[in-house]
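*Asks:* Read top to bottom, the protein sequences are chains A and B.
This note's numbering applies: residue 1373 is where the first sequence begins, and numbers increase by one.
This note's numbering applies: residue 298 is where the second sequence begins, and numbers increase by one.
Here a beta-carbon is modelled for each residue, glycine too, at the ideal position from N, C-alpha and C.
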Amino acid sequence: MGVLPWVAWYAFRRHTAYPLGLAAEAVTNTAFGFMRAWILVALWRERPALGGYDVADAVTFCFLTQALIGPVQIFGGMELTRRIRDGDVAIDLYRPVGLQGWWLADDLGRAAGALLLRGGLPPAVGALVFPLRLPGPSGAAAFAVSLVLAVVVGFGLRYLVALAVFWLHDDRGPAAVALVMSLFFSGMILPLVAFPGLLGEVARALPWAALVQVPADVFLGKRTGADLAAALAFQAGWAAVLLAAGRLLTAAARRRLVVHGG
Amino acid sequence: MGDGAPPGHGLGVRVYALLAWTWLRAAAQYPVSMLLLALATAVVSALDMVAIMLMFAHATRIAGYTAPEVLFLYGTSTLSFAVADVLLGTAERLGRHIRMGTLDTMLVRPVSPLIQIATEDFSPRRLGKLLPGIAVLALVPPRLEADWTPGRVAMVPVLVASGVAIFAGLWVLTASVQFWLIEGHGATKAVTYGGAFLTQYPPTVFARDFVRGVTFAVPLAFVNWQPALYVLDRPDPLGLPAAFRFASPLVALLLCAPAAAAWRTGLRRYRSTGS
Chain A
1373 MGVLPWVAWY
1383 AFRRHTAYPL
1393 GLAAEAVTNT
1403 AFGFMRAWIL
1413 VALWRERPAL
1423 GGYDVADAVT
1433 FCFLTQALIG
1443 PVQIFGGMEL
1453 TRRIRDGDVA
1463 IDLYRPVGLQ
1473 GWWLADDLGR
1483 AAGALLLRGG
1493 LPPAVGALVF
1503 PLRLPGPSGA
1513 AAFAVSLVLA
1523 VVVGFGLRYL
1533 VALAVFWLHD
1543 DRGPAAVALV
1553 MSLFFSGMIL
1563 PLVAFPGLLG
1573 EVARALPWAA
1583 LVQVPADVFL
1593 GKRTGADLAA
1603 ALAFQAGWAA
1613 VLLAAGRLLT
1623 AAARRRLVVH
1633 GG
Chain B
298 MGDGAPPGHG
308 LGVRVYALLA
318 WTWLRAAAQY
328 PVSMLLLALA
338 TAVVSALDMV
348 AIMLMFAHAT
358 RIAGYTAPEV
368 LFLYGTSTLS
378 FAVADVLLGT
388 AERLGRHIRM
398 GTLDTMLVRP
408 VSPLIQIATE
418 DFSPRRLGKL
428 LPGIAVLALV
438 PPRLEADWTP
448 GRVAMVPVLV
458 ASGVAIFAGL
468 WVLTASVQFW
478 LIEGHGATKA
488 VTYGGAFLTQ
498 YPPTVFARDF
508 VRGVTFAVPL
518 AFVNWQPALY
528 VLDRPDPLGL
538 PAAFRFASPL
548 VALLLCAPAA
558 AAWRTGLRRY
568 RSTGS
């Protein structure tokens, strides 16, 4: 340990070094929040209790997802990708800490910066126009845990995509597939509660649900008591599976890189 | 060329085609990757359509519009945006070029920097964006309950062409903003990508003041809303005169002129990094 908190801290500093750029992103997230909110209001006007949400839930969901875009990095991508392609990853592998732990710490720092500079504006402006639903203190605490788990799951997924570069030399193919999955199955495009039948059940069981839908449900107080524990366990379970897979792949990549270097 | 004499119109198109072709041939060196990326891009662009169809699994009408009507808006908006994006979308990288100093390299070449930026990385991947719009516009219009008079039929290509011109103007205008605000890219995406998203849905979905804003301030309503009101024979939620439904080509012209002026002014003002 020891060094990892510093890695996270410096990542936080690095990713907050240009606050204007992040604030500009938040403006776009807010604009999309409004457009999506009006669309959901129109849908919920036709079907007032769709998926167990009321209009206030749907609108809150919408601004919340826009706030989460930055922290869970829904559009994918990771600095590690470029380092693998350039060969800079060899330096990362020299380090006396594991590659995965290093980049997880880096990503947690990045996510904290994104939450701070990109997360606040969409819900704050949204609340001026729409009645948003806010959790109580215990709900907020549960949401904080859920949010951290969401960031870890997001990291787990993106780390696997990044490591694919060791074998494919190009991340654009897997990144494109990952983008489709994470936009559609996270609830970003449409809340997963509005997915009909079997599609909805499958979507709610996949790891991408842990990125947006589950934290949003926790925020809205849809999951309480034993159900809340199940929601957090769902996220933690996927985080564990993805991190374990990342660990295996890291070991394989380490051997692969040595082969590559002759 | 601090703007200098812009190349003649015909020459500009030829240079554009030549540079785009060069980038295409470069991408074609990896055919499998190229094809997969084009398909993946098409799927990403089609996700919004899937969302619309999922919403109509729950309701027959949303904000008074039926599924084929909303899909008609989606098709026209997506196709217009995709064409403009294919042609000019990479102009949004201007801020990065200014920061990295690579804009200076472009300025010493005898080709307009706008053409150079717009053709950069021109890959078939971009062409994948065209697929969903083309597919929807091929399938949906026959299912509309519109009375297909010759005027309405003729309006569809006019609508798409004006939409392309309006989005093209917005790409150049929002890119020009980066001459003044290098960090502005994140926020101007609300106009470009946001505009593309907005016009996929009927105007009746949104708040009236907002619709007023995207009619008179940023003329997104003329991408497809106004002409579509004519095609679908719908009342205007703002109660604007019927002439607005035919104004899209004029609005496109009125937008592209200041966009070109903004680009030239920005380029003239540019003093390289460190200014």
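May I ask you to check if the CB of G1485 (chain A) is nearer than 7 Å to at least one heavy atom of the ligand NAD?
*Replies:* Looking for the ligand NAD in the displayed structure turns up nothing, as the structure carries no ligands at all.
*Asks:* Within 8 Å (strictly less), CB to CB, does R1626 (chain A) reach chain B?
*Replies:* Not an interface residue.
*Asks:* For the segment 416-433 of chain B, which residues have a CB atom closer than 9 Å to at least one CB atom of chain A, in sequence order?
*Replies:* Residues passing the 9 Å Cβ filter: R422.
*Asks:* Kindly say whether D1458 (chain A), judged by its beta-carbon, lies nearer than 8 Å to any beta-carbon of chain B.
*Replies:* So no, D1458 (chain A) is outside the interface.
*Asks:* Report yes or no: is there a C-beta of chain A within less than 8 Å of the C-beta of R568 (chain B)?
*Replies:* Output row for R568 (chain B): interface = no.
*Asks:* Whole beta strand (DSSP E) runs in the segment 1485-1548 of chain A with 3 or more residues, listed along the chain?
*Replies:* As far as the segment 1485-1548 of chain A is concerned, it has no whole beta strand (DSSP E) run of at least 3 residues.
*Asks:* What separation, rounded to the nearest whole angstrom, lies between the Cα atoms of A364 (chain B) and R1626 (chain A)?
*Replies:* If I take the Cα positions, the gap works out to 52 Å.
*Asks:* Is it the case that the Cβ atoms of T416 (chain B) and Y327 (chain B) are separated by a distance below 8 Å?
*Replies:* No, they are not a contact pair.
*Asks:* I need the straight-line Cα distance from L478 (chain B) to H394 (chain B), nearest angstrom please.
*Replies:* Roughly 13 Å between the two C-alpha positions.
*Asks:* Could you tell me which chain A residues have their CB closer than 9 Å to the CB of V461 (chain B), listed as they occur along the chain?
*Replies:* Going along chain A, no residue has its Cβ under 9 Å from V461 (chain B), so there is no contact; the nearest lies around 21 Å.
*Asks:* Report back the beta-carbon spacing between L1500 (chain A) and L1604 (chain A) to the nearest angstrom; my notes put them in contact at under 8 Å.
*Replies:* About 31 Å separates the two Cβ atoms, so there is no contact after all.
*Asks:* Would you give the residue range spanned by the alpha helix (DSSP H) that W1416 (chain A) belongs to?
*Replies:* Element bounds for W1416 (chain A): P1391 to E1418.
*Asks:* Assign P1494 (chain A) to buried or exposed, taking buried as 16 or more other Cβ atoms, counted over all protein chains shown, within 10 Å of its Cβ.
*Replies:* That one is buried.
*Asks:* Using three-state DSSP, classify P304 (chain B) as helix, strand or coil.
*Replies:* Because P304 (chain B) carries a pLDDT of 49, less than 50, the predicted location of this residue cannot be relied on, and the following value inherits that uncertainty. In the structure shown, P304 (chain B) sits in coil (DSSP, three-state: anything other than H, G, I, E or B).
*Asks:* For D506 (chain B), does the count of other Cβ atoms within 10 angstroms reach 16, so buried, or fall short, so exposed?
*Replies:* Its Cβ having fewer than 16 others within 10 Å, D506 (chain B) is exposed.
*Asks:* So what's Y1382 (chain A) in DSSP terms, helix, strand or just coil?
*Replies:* Y1382 (chain A): helix per DSSP, three-state reduction.
*Asks:* In chain order, what residues of the same chain have a beta carbon less than 7 Å from the beta carbon of F1404 (chain A), not counting five sequence neighbours either side?
*Replies:* Excluding positions up to five away in sequence, the list reads Q1438.
*Asks:* Measure how close the beta-carbons of L316 (chain B) and Q413 (chain B) come, nearest whole angstrom, since I'm counting them as under 8 Å.
*Replies:* Correct: roughly 7 Å between the Cβ atoms.
*Asks:* Who are Y362 (chain B)'s beta bridge partners in DSSP?
*Replies:* Y362 (chain B) is bridged to B:I359.
*Asks:* Express the C-alpha separation of V508 (chain B) and A443 (chain B) in angstroms, rounding to a whole number.
*Replies:* Near 24 Å, if we compare the C-alpha coordinates of V508 (chain B) and A443 (chain B).
*Asks:* Does the beta carbon of V515 (chain B) sit closer than 8 Å to a beta carbon anywhere in chain A?
*Replies:* It does not: the Cβ of V515 (chain B) has no partner Cβ on chain A nearer than 8 Å.
*Asks:* Less than 8 Å between CB atoms is the rule here; does S330 (chain B) satisfy it with respect to chain A?
*Replies:* At least one chain A Cβ lies under 8 Å of S330 (chain B).
*Asks:* Please classify F503 (chain B): does DSSP put it in a helix, a strand, or coil?
*Replies:* Three-state result, F503 (chain B): coil.
*Asks:* Classify I479 (chain B) as helix, strand or coil using the three-state DSSP reduction.
*Replies:* Here I479 (chain B) sits in helix by DSSP.
*Asks:* Counting only beta-carbon separations shorter than 8 Å, does I1561 (chain A) have a partner in chain E?
*Replies:* Among the protein chains of the structure shown, namely A and B, there is no chain E.
*Asks:* Please name the residues in the segment 1388-1406 of chain A whose beta-carbon is closer than 7 Å to at least one beta-carbon of chain B, in chain order.
*Replies:* Correct list: Y1390, L1392, G1393, A1396, E1397, V1399, T1400, A1403 and F1404.
*Asks:* How many whole angstroms separate the CB atoms of A559 (chain B) and S473 (chain B), which I take to be in contact at a CB cut-off of 8 Å?
*Replies:* Contact holds; Cβ gap of about 4 Å.
*Asks:* Quick one: grab the DSSP three-state call for T485 (chain B).
*Replies:* Three-state result, T485 (chain B): helix.
*Asks:* Where do the N-terminal and C-terminal ends of the alpha helix (DSSP H) with L391 (chain B) fall, by residue?
*Replies:* Counting along the chain, the alpha helix (DSSP H) containing L391 (chain B) begins and ends at L391 to M397.
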